[in-house]
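Respectively, the protein sequence lines represent chains W and Y. When we follow the working numbering, the leftmost residue of the first sequence carries the number 1, and every step to the right adds one. When we follow the working numbering, the leftmost residue of the second sequence carries the number 1001, and every step to the right adds one. Notes follow the structure.
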Amino acid sequence: MKKKRWYDYLWMWTILYFALGFYNILFAWLGMIDFLVPLLLAIFWGNKRFCNRYCGRGQLLSQLGVKMKCTRNVATPRWLYSKLFRYGFLVFFLATFGNMIYQTYLVGSCATTLKETATIFWTLQVPWNWAYSRGAVPDWIAQFSFGFYSLMLTSALLGVIVMALYKPRTWCAFCPMGTMTQAICQYKSRRSRPPQS
Amino acid sequence: MSSRPKLIANVNRKICVACGTCVTQCPKSVIDVWRGSFAVVALAQCLGCGRCAAACPIGAITLRERVKSEGETL
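So, in structure tokens, the structure goes:
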């Protein structure tokens, strides 16, 4: 049996993140770690070490799927890992991220007011007002928190759904961060000769 | 003389998403992700146990027969 390392327990981070966001939405900013670290590793070191070692979500899906058997464990449909779908989903994800930044800007410029809701699956507005006391921080900071938490929660729920339907880590096949970092890595290594195996 | 396993893991680099699921599953730690692009297997050390193939979310790893040049002791 392989020796466990500290990063094998990062699945707890994912649970902690959503729990903290349930208690206080401002903790949603911590999700930027999961957003920036994989990009920095890909851009400066040309690797996907985040996906391979440090992704708490991937590990949590493995825990639920492999250890707790909450998966049908059947083959992922081909279209879910086709280049068209993966890059299409990446574009969609970036568009929703851009929209979230725009909403933050609108609140920051007083064009609209703060919405204390979590938007699940891009449409479903769920009240989340218990997790924030108005006036604690500038409204735009809170707006970003609600938006970012919504994005994280939606993608986590999608991950759990595809885990249950297909394989534990089916989410990884079309995870926008995974697609983006792989594209960066492939670009960076375009002139290197791949090993034979 | 010990004989090597007849089967080895084979990665389809064209579809591999480099998620690293196989890396965590390999009991001998003979799989690595090459420059964030695709998984590579150290064929000489591969046990052919198939754990990586079973765990791969997209079926990018299959088991195939080892050929002489890949270190099988005949």
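Note that beta-carbon positions come from the ideal geometry of N, C-alpha and C, so glycine has one too.
- For Y/L1047, no alpha helix (DSSP H) encloses it, and the DSSP letter there is neither H nor E.
- 9 Å or more divides the Cβ of W/R134 from the Cβ of Y/G1036.
- DSSP lists Y/V1033 as the bridge partner or partners of Y/A1039.
- Here W/S155 is near W/P176, since their CB atoms are less than 9 Å apart.
- Between W/G46 and W/C185, the C-beta gap is smaller than 9 Å, which places the two residues in contact.
- Where W/I141 is concerned, the enclosing alpha helix (DSSP H) starts and stops at 139-165.
- About 4 Å separates the beta carbon of W/A28 from that of W/S145, a gap short enough to meet the 8 Å contact definition.
- Residue contact with chain W for Y/V1067: absent (no Cβ-Cβ distance below 9 Å to any residue of chain W).
- Secondary structure at W/A75: coil, using DSSP grouped into helix, strand and coil.
- For the 9 Å CB-CB criterion, W/L30 and W/A136 do not form a contact.
- Beta-bridge pairing by DSSP links Y/I1058 to no other residue.
- Three or more beta-carbon pairs separated by less than 8 Å link the stretch 1034-1053 of chain Y to the stretch 1011-1021 of chain Y, which places the two stretches in contact.
- A contact between stretches requires three or more CB pairs, one per stretch, nearer than 8 Å, and the stretch 1005-1013 of chain Y meets this requirement with the stretch 1057-1071 of chain Y.
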